[in-house]
Structures are given as structure tokens and as C-alpha cells.
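Residue 113 in full-length UniProt numbering sits at position 113 of the sequence shown, and the numbers go up by one each step.
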Amino acid sequence: MYIQQTYCLSNKKYLFLLIDFHFELSQEYYSSKNCTRIGFFGTECNYSAKRWVASDFLPQLNNATETLCSPTGKLEATDQSFFFGSSGRFYPDPSKRLENRWNEFRSCMTEIEQLSDRSKYLSEAARLYDKYNMNDILRQSNITPKKNYTYQEISDAVSKVTQGKKPVIKCLWDFVSLIVLFFTIDFHFELSQEYYSSKNCTRIGFFGTECNYSAKRWVASDFLPQLNNATETLCSPTGKLEATDQSFFFGSSGRFYPDPSKRLENRWNEFRSCMTEIEQLSDRSKYLSEAARLYDKYNMNDILRQSNITPKKNYTYQEISDAVSKVTQGKKPVIKCLWDFKTNVLELETITLFFDKSLNLIDPLKNYYPGKRPPFDPQPGAN
1 MYIQQTYCLS NKKYLFLLID FHFELSQEYY SSKNCTRIGF FGTECNYSAK RWVASDFLPQ
61 LNNATETLCS PTGKLEATDQ SFFFGSSGRF YPDPSKRLEN RWNEFRSCMT EIEQLSDRSK
121 YLSEAARLYD KYNMNDILRQ SNITPKKNYT YQEISDAVSK VTQGKKPVIK CLWDFVSLIV
181 LFFTIDFHFE LSQEYYSSKN CTRIGFFGTE CNYSAKRWVA SDFLPQLNNA TETLCSPTGK
241 LEATDQSFFF GSSGRFYPDP SKRLENRWNE FRSCMTEIEQ LSDRSKYLSE AARLYDKYNM
301 NDILRQSNIT PKKNYTYQEI SDAVSKVTQG KKPVIKCLWD FKTNVLELET ITLFFDKSLN
361 LIDPLKNYYP GKRPPFDPQP GAN
């Protein structure tokens with residue numbers, strides 16, 4: 001669960017870091033002959049023939065869910081996402097997939113000498129794959145197929161040979177053999193607050209906000225369950241939480257509610273069938289009361305004021321994070337910013353706190369993104 005709150009800072013200086021990028025080398029557990037994918041519904045495999053292979057090697061923006069290379073040779077954030085990569089196609093031969101990735105991103109890598117042509121790109125991918133080969137790394141920690149392991153066990157095994165650097169581990173549900181690979185999906189709750197004025201603040205498309213700052217305040221805007229390992233979650237007609245790539249600037253409904261209480265009513269209608277087993281949230285009255293209780297307890301109007309964080313001044317990500325952590329038993333928030341194209345200002349928009357299903361504060365999940373990140377939304381931990 002999280003609490004999210006939004007805030008505008010009016011200033012002509014940039015807040016936080018501008019976009020930068022990094023490289024990602026992905027490996028998949030794969031068989032060239034004996035493993036076939038069945039649509040989106042799982043995998044049939046001869047595990048004895050499977051092995052880890054290099055499947056992706058590409059530049060990605062630091063603060064984007066997914067990145068594409070534009071025709072002008074610039075990396076651009078995108079909400080486009082598919083089960084089998086941005087191209088939407090599954091390549092049975094990983095070498096062909098890397099060829100495809102080179103064709104997609106070549107114009108965005110011309111300034112990187114080690115990757116400036118096709119041969120160098122493929123050679124570097126092969127070098128890094130050989131250096132960090134999961135076939136060897138997992139075997140060294142006695143992690144083998146056909147057994148169950150926790151996420152932490154796999155992460156620790158990889159970290160032993162990466163100087164302590166943590167991997168990102170992706171798991172899929174196998175609908176053929178009905179098993180979970182590595183760990184089971186679970187969920188938490190999120191309570192969001194936004195910096196808002198009922199009369200004097202109007203949104204201008206996707207391009208920013210005009211605000212009367214004296215009238216603005218932090219308000220509860222979202223309170224909903226989200227799967228731990230999904231970018232965004234919807235509640236299915238059968239009452240099950242489901243991961244989705246669908247994302248809108250103002251929530252899964254695609255609508256902006258000028259009255260936050262109406263937005264919470266909408267969220268209750270969207271997610272009510274997925275919260276029936278949680279006693280504290282089992283009906284509309286309890287849901288709205290709990291949202292109000294958590295909002296009152298962790299009200300950003302008071303929390304930021306206690307640390308002298310006020311509108312119309314510049315603050316670092318760390319300063320805001322530390323101010324919130326003082327009253328959350330050290331639990332860290334997720335802070336979201338938006339670029340105002342009208343005033344050329346990076347505005348602090350949302351602060352989010354996370355709670356488990358018993359409504360106890362927890363730290364943000366490492367694999368969690370609060371919706372698809374807009375281009376100027378800094379990563380947690382940036383300064």
C-alpha cells in the first residue's frame with residue numbers, strides 16, 4: 001500500500017537530475033530445440049536442454065519504464081511495452097534478437113566507441129555475457145532447474161560475482177505446468193496524495209499546472225491495491241488483481257477528477273471486488289475512512305512544514321525524502337516530479353508511502369514504479 005501526495009514548486013531552476021541513460025544486458029533461460037512459447041500462456045520446455053543466453057543488450061533511460069531510439073538518434077521514454085520486448089515479437093534465436101536490437105538502437109550509440117558499429121556491439125554483448133554467464137553463476141551456488149528458490153537466494157547468488165551489485169529478476173507464470181518461477185505474486189496497498197487546489201489550480205493538458213500557491217494543499221487522491229511486481233494493476237471482473245501495461249497520466253481510468261473525494265469513490269468502484277478479504281477495507285465506508293485516517297496520520301501539509309519545506313523554493317530529492325522519513329519510522333517515500341513545459345520548471349508532484357496488507361508502513365518495493373514514469377520523473381535515490 002502506498003500514500004501518495006503531490007506538490008508544486010514554482011522556480012526557474014531545474015529540480016533534481018536531468019535524464020541520463022545506462023546499458024542493460026539481459027539473459028533468458030532458453031532452449032533452441034525443445035522449448036516452445038504458447039502465445040501469452042506459458043512455456044513447454046525440456047529443461048535438460050535449457051541454458052542461459054544473452055537476449056538483450058541496449059541503452060535505457062535511467063528514469064523510464066521502457067526506452068526507444070527515435071529516428072533522430074535520441075533515446076525517448078515510451079509507455080509501449082510487450083511481453084516479448086518493445087518490438088512485440090519473440091525471436092527463437094537470441095543472436096537474431098541482438099541483431100534486431102542493434103538495428104533498433106544503432107543511431108543512439110554512435111558516440112560510444114565500444115559500440116559504434118555492429119561488430120563491436122555484438123562482440124561487447126558476447127564479452128559481457130561470457131563474463132557474467134548465468135549458467136556458471138547459478139551453478140556455483142547450486143541453483144539448478146526443477147527446484148524452488150526464493151528471489152533473495154537467486155539475487156544473492158548473482159551478487160557474489162558482481163561486486164555486490166544487485167540484479168533485476170523477472171518471473172513468469174507457467175500456465176502449462178502451473179508453476180511459479182522463483183517467487184509468487186503478492187500485493188500491497190497504496191495511498192496517494194496530490195498537491196491540489198479546488199478553485200485556483202487548473203491542469204493544462206500534459207503540459208503543467210497554473211497554481212495559486214496560497215490556496216494549494218496536499219490531498220488524498222488514490223488508495224488502491226497493487227501487485228508487488230507489476231508496473232500497474234487493475235481489478236478484473238472476477239475479483240482478481242491483474243498486471244497490465246495500460247497506463248494513463250491521471251490513473252487507470254484515464255480521467256482527471258478535480259475533486260479528490262470523487263477520485264477515491266472511483267477507485268473504490270474499480271477495486272472493491274479485489275478487497276473483500278481485507279476486513280479494514282471490506283465496504284465503501286471502511287475504505288474511505290481508512291484512506292482518511294492514513295491521510296490525517298501522514299499529512300504532507302504538516303510533514304513538510306515541520307522540515308521548513310515550503311513552495312517557491314528549490315529542494316533536493318534527498319531533502320524531501322529525509323523530511324518524510326522523520327515521521328515514517330525511517331521508511332522511505334517514492335517522490336514523483338513532472339516537467340512543466342509552460343514555465344520550464346521541474347515540479348514536485350507526488351509523494352507516495354507504502355503499506356503492507358495489514359496497513360503497516362514498509363519501504364518501497366525495489367521493482368515498483370508508480371505508473372509509467374513521465375520523461376522528467378527522477379528515480380528514487382536521485383539527488
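The C-beta atom is built at its ideal place from N, Cα and C for all residues, glycine as well.
Small disclaimer: the values here were computed from a predicted structure and weren't measured.
For residue 135, the uninterrupted alpha helix (DSSP H) segment begins and ends at 134-140.
Per the coordinates, the alpha-carbon of residue 301 lies some 16 Å from the alpha-carbon of residue 319. Per DSSP, the continuous alpha helix (DSSP H) segment holding residue 325 begins and ends at 317-325.
Annotation: residue 281 to residue 287 spans about 4 Å, alpha carbon to alpha carbon.
The distance from the Cβ of residue 59 to that of residue 109 is about 6 Å, consistent with a contact at the 8 Å cut-off. Nearest C-alpha to residue 284 among 348, 278, 272, 277: 272. The beta-carbon distance between residue 158 and residue 167, rounded to whole angstroms, is 4 Å. This is short enough to meet the 8 Å contact definition.
If you ignore the 5 residues before and after residue 143, its C-beta comes within less than 8 Å of the C-beta of 149, 153, 154, 157, all in its own chain and listed in chain order.
When the beta-carbon positions are compared, residue 140 and residue 124 stay at least 7 Å from each other. Within the same chain, 108 come within 8 Å of residue 74 by CB-CB distance, once the 5 residues on both sides are set aside. For residue 119, the enclosing alpha helix (DSSP H) stretches over residues 118-131. DSSP links residue 335 through a beta bridge to 351. Rounded to whole angstroms, the Cβ separation of residue 329 and residue 361 is 6 Å, and the two are in contact under 8 Å.
Judged by beta-carbon spacing, residue 337 lies beyond the 7 Å limit of residue 353, meaning their Cβ atoms are not closer than that value.
In the three-state reduction of the DSSP assignment, residue 154 falls in the helix class.
Between the alpha carbons of residue 297 and residue 133 lies a gap of roughly 48 Å.
Burial check for residue 225: the Cβ neighbour count within 10 Å reaches 16 or more, so the residue is buried. Between residue 324 and residue 303, the gap from beta carbon to beta carbon is short of 7 Å.
In this structure residue 269 is exposed. Its beta-carbon is surrounded by fewer than 16 other beta-carbon atoms within 10 angstroms. In this structure, DSSP gives residue 241 an extended state, which the three-state scheme calls strand. The secondary-structure analysis by DSSP pairs residue 76 across a beta bridge with 68.
Bounds of any alpha helix (DSSP H) do not take in residue 329, whose DSSP letter is neither H nor E.
Taken through DSSP and simplified to helix, strand or coil, residue 234 comes out as strand. Excluding the 5 residues flanking it on each side, residue 121 has same chain C-beta neighbours closer than 6 Å at 102, 115, in chain order. DSSP places residue 303 within a helical segment (H, G or I) once states are collapsed to three.
The alpha-carbon separation between residue 357 and residue 99 amounts to approximately 44 Å.
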